[in-house]
Amino acid sequence: MPDTISITLPDGLARELPAGSTGADLAAAIGTRLARDAVIAVVNGTERDLGDPLPDGATVEIVTAASERGLFTIRHSTAHVLAQAVLDLFPGATFGIGPPVEDGFYYDFELPGGATFSPDDLERIDARMREIIAEAQPFVRDEIPSDRAREVFAAHPYKLEIIAGAAEDPTSVTEAGVVRTYENPPNFIDLCRGPHVRDTGHHLGHFKLMRVAGAYWRGDERNPMLQRIYGTAWHSKAALEEHLHRLEEAAKRDHRKLGNELDLFSFPDEIGSGLAVFHPKGGIVRRIMEDYSRRRHEEAGYEFVYSPHITKAGLFETSGHLEWFAEGMFPPMELDGGTEYYLKPMNCPFHCLIFRHRTRSYRELPLRMFEFGSVYRYEKSGVVHGLTRVRGMTQDDAHIFTTKEQMGDELDSLLTFVLDLLADYGLDDFYLELSTRPEEKAIGSHEDWDEATEALRQAAAKRDLDLVLDEGGGAFYGPKISVQARDAIGRTWQMSTLQLDFQEPQRFGLEYVGRDGQRHTPIMIHRALFGSVERFFGVLTEHYAGAFPTWLAPVQVRVLGVRGDHDDYAAAVAARLRAAGFRADWVEADEPLGARIRRAKLEKLPHVLVVGDDDVAAGTVADNARGAERPERDIPFDDFAARLRAEVAERR
RNA sequence: GCCCGAGUAGCUCAGUCGGCAGAGCGGUUCACUCGUAAUGAACAGGUCAGGGGUUCGAUUCCCCUCUCGGGCUCCA
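Adding 339 to a residue's 1-based position in the first sequence gives its number in the numbering used here.
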């Protein structure tokens with residue numbers, strides 16, 4: 340046996356090490372800095388503990404703490420520390436699973452007698468975790484026979500379930516009767532595939548327990564609810580603080596907070612959960628959003644239709660909604676001696692009836708019907724959330740009836756239309772998601788589903804965008820592509836959905852006469868670009884942090900006189916701007932100028948005009964523009980108006 | 001729907017041995033007339049989310065309902 344081994348590094352260079360050397364030894368041989376930052380090693384593509392001996396001839400990459408995989412490991416190891424702390428502090432507690440997640444980790448527990456964690460408990464757990472970290476307990480990897488594992492975890496039913504069921508799970512901790520474990524001596528052991536940091540003294544400690552929440556065991560609402568503790572963990576104190584700062588910044592953009600502060604919309608208790616009213620300022624933003632959308636749809640060949648908010652039950656029996664979507668619908672009203680009426684949860688059945696009103700020719704296809712359709716969905720009480728999840732919403736909904744031959748081209752141009760339009764509202768960073776047939780709730784044949792899914796896949800593939808598969812996430816009548824947009828601070832939001840539907844046209848008996856003189860069933864494409872106007876409004880509010888671009892801003896210009904004797908001129912400037920089609924107001928000078936400017940800035944207005952003696956004399960304005968370094972003086976009124984016009988036209 | 005937490009003035013929040021409800025901002029009025037992010041004073045403003053219970057007495061303790069927040073499940 341040779342007494343040295345040869346290791347290849349990611350840069351292709353080779354290194355000789357004494358036989359039996361570990362990842363840690365390799366890191367140390369490369370440099371003290373790397374030795375300090377090393378978390379795990381990737382050996383021939385597989386993640387390994389730093390303490391594992393390296394095989395001769397291996398390609399090895401040292402993963403450092405600040406890297407994605409390093410952080411993943413740190414969070415994973417911190418989750419183990421959390422579990423140990425909870426098992427220490429709460430006799431009789433048992434534990435479920437505890438994986439790393441984005442920015443952090445969680446662990447699920449069950450306390451004896453159905454007890455729950457309190458915020459005070461989190462402090463105690465935090466303190467115990469820091470003790471464990473100070474003890475620098477090693478993470479000791481082991482593989483034990485399943486029988487033995489069942490003894491070790493005899494008191495932990497969820498672990499026993501994992502041991503029993505893991506055979507079918509590809510990310511399994513078991514293999515051929517062997518169970519992988521990690522132990523933190525003296526008294527904590529968990530099922531785990533690893534890898535982990537060397538010991539609790541390495542890289543851990545920059546964490547914060549964030550919250551406690553309920554979570555169903557294995558994510559299934561038929562299972563018991565466990566107590567989940569969420570935490571965040573980082574490789575350094577600075578990174579942790581940065582993360583907490585980012586959370587604060589995101590909270591400042593929260594559309595619910597801004598909607599209140601900027602007087603855009605509210606959810607009066609008197610109306611009901613998830614039902615919004617838009618105030619005058621929010622109403623302006625919404626109207627501009629809708630007007631622009633209407634114009635673009637008109638240009639793209641859509642025809643505008645209107646349909647009522649309620650309908651007899653029969654319509655939703657035909658469409659299949661009462662069979663497949665009933666739990667998302669408000670209960671029926673009984674009218675006219677027993678006839679049931681429902682609030683509509685979707686617009687498509689109405690559009691199908693419009694299509695069916697007379698015989699259609701292939702020459703009319705693709706037929707595109709657009710409606711700002713208000714729909715009502717009975718969302719479960721725990722899920723309503725600001726404007727992004729409501730019970731009453733308006734969809735910018737359209738249904739496109741096409742032939743099978745046209746379907747591909749139509750999907751293509753539709754995707755272009757969607758992405759262009761979203762970009763006009765300031766969202767231009769996207770990825771696509773393809774949602775396929777739901778396992779348990781779907782109508783229609785597998786052949787239809789396969790064909791529809793393939794058509795969507797091809798349309799999506801032509802884009803230079805990432806495509807993510809969402810297995811089983813389609814609607815009951817068809818698969819869909821959803822456009823996910825990243826906002827100004829990198830969060831993603833589901834925006835547009837494009838759904839292909841072979842089923843409803845059949846259910847409604849929709850037909851067109853083809854070139855061949857025969858009757859054919861059209862295909863229907865459901866699509867909403869905003870998703871819902873409400874959600875889109877919320878997303879734009881967060882994207883712009885309430886500072887709407889000029890074309891959308893509720894008030895585009897505020898005019899302030901320097902002193903009271905400039906008020907007449909200020910009022911005149913505002914009036915001229917309004918006459919020119921802008922949204923301008925003025926505020927009289929009964930407070931110091933600085934105070935009035937401050938108020939205008941807090942309202943996030945695009946332009947604050949200040950006018951004084953010089954301006955009255957010369958017919959000019961001074962513009963304190965949002966985001967500008969300093970105010971600009973002596974702008975002739977007409978010049979300012981022209982600039983503003985350009986700003987609006989270019990949707991800046 | 002389920003788990004945890006929270007509802008006090010328009011907004012943000014103080015108010016723990018149970019004993020007449022507070023601040024700042026905002027609003028109104030008056031004074032100040034000011035060239036780019038907070039002028040001063042006075043006044044108004046509350047069924048302490050709603051209902052029930054315990055108590056001589058409940059914003060405070062208990063129960064129910066509603067609403068909101070964070071999660072889970074579900075979803076535009």
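Glycine residues also receive a C-beta, built at the ideal position from the N, C-alpha and C atoms.
Separation of residue j from residue i, as counted between CA atoms
i	j	result
E642	H690	11 Å
L661	L692	17 Å
R937	A957	26 Å
G437	W556	12 Å
I791	D559	The question names Ile, yet the displayed sequence has Ala at residue 791. The alpha-carbon atoms of A791 and D559 are separated by roughly 29 Å.
F655	P688	7 Å
V722	E666	14 Å
E638	L410	49 Å
V896	H582	36 Å
E507	K498	In this predicted model, E507 has a pLDDT of only 47, less than 50, meaning its place in the structure is not dependable enough to derive any value.
A884	R375	40 Å
G856	E703	14 Å
A918	D973	22 Å
Y645	P777	31 Å
P509	G516	Low confidence applies here, because P509 scores a pLDDT of 45, under 50, leaving its location unreliable and the question unanswered by this model.
F584	T733	Note that residue 584 is His in the sequence shown, not Phe. Rounded to the nearest angstrom, the two C-alpha atoms are 35 Å apart.
A980	S632	25 Å
P357	D342	6 Å
F976	L601	28 Å
G621	R561	41 Å
L461	A552	12 Å
K719	S612	10 Å
A909	E927	8 Å
R489	A363	33 Å
A988	V901	30 Å
Y569	Y445	4 Å
For residue i, the three-state DSSP class (helix, strand or coil)
i	result
S632	helix
I568	strand
E710	strand
I300	No answer is possible for residue 300: the residues shown for the chain start at 340 and end at 991.
E772	strand
L428	helix
S752	helix
Q857	coil
A506	Because the pLDDT at A506 is just 48, under 50, the model does not fix this residue reliably, and the point stays unresolved.
H969	Strictly speaking, residue 969 in this sequence is Arg, with His absent from that position. Residue state, collapsed to three classes: coil.
M668	coil
L389	coil
R984	helix
W890	coil
V722	coil
E850	coil
K943	coil
Contact under 7 Å by Cβ, residue i with residue j
i	j	result
P534	E386	yes
G771	L808	Checking the displayed sequence, the identity of residue 771 turns out to be Leu instead of Gly. No, the pair does not count as a contact, with Cβ atoms beyond the cut-off.
D481	T520	yes
A945	A985	Reading off the sequence, residue 945 comes out as Pro, not Ala. For P945 and A985, no; Cβs fall outside 7 Å.
G443	A590	no
A418	V425	no
I401	A377	yes
A913	D929	no
R414	P451	no
F740	M863	yes
P297	Y851	Only positions 340 to 991 of the chain appear in the structure, and residue 297 is not among them; the question remains open.
G813	T775	yes
D767	A867	no
A518	I502	A small correction: the amino acid at residue 518 is Val; Ala does not occupy that position in the sequence shown. The answer is yes: Cβ separation under 7 Å.
H574	A405	yes
Cβ separation of residue i and residue j, assumed to be a contact under 8 Å, to the nearest whole Å
i	j	result
L899	V947	7 Å
L849	G817	At roughly 15 Å, the Cβ-Cβ gap does not stay under 8 Å, so L849 and G817 are not in contact.
G747	F841	Contact flag wrong, Cβ pair sits at about 14 Å.
L715	G731	It is worth fixing the name first, because residue 715 is Tyr in this sequence and not Leu. So it is a contact: roughly 5 Å between Cβ atoms.
I295	L393	Any answer about residue 295 is impossible in this case: the structure gives the chain only from 340 up to 991.
L758	A798	Contact doesn't hold; Cβ gap of about 12 Å is too wide.
F447	F429	Position check: residue 447 holds Asp in this sequence, whereas Phe was assumed. In fact, because the Cβ distance is near 13 Å, the residues do not count as touching under 8 Å.
Mind pulling the alpha helix (DSSP H) runs of 4 or more residues that sit fully within the stretch 561-605? Every alpha helix (DSSP H) of 4 residues or more that sits fully in the stretch 561-605 is shown, in chain order, as 576-591 and 594-600.
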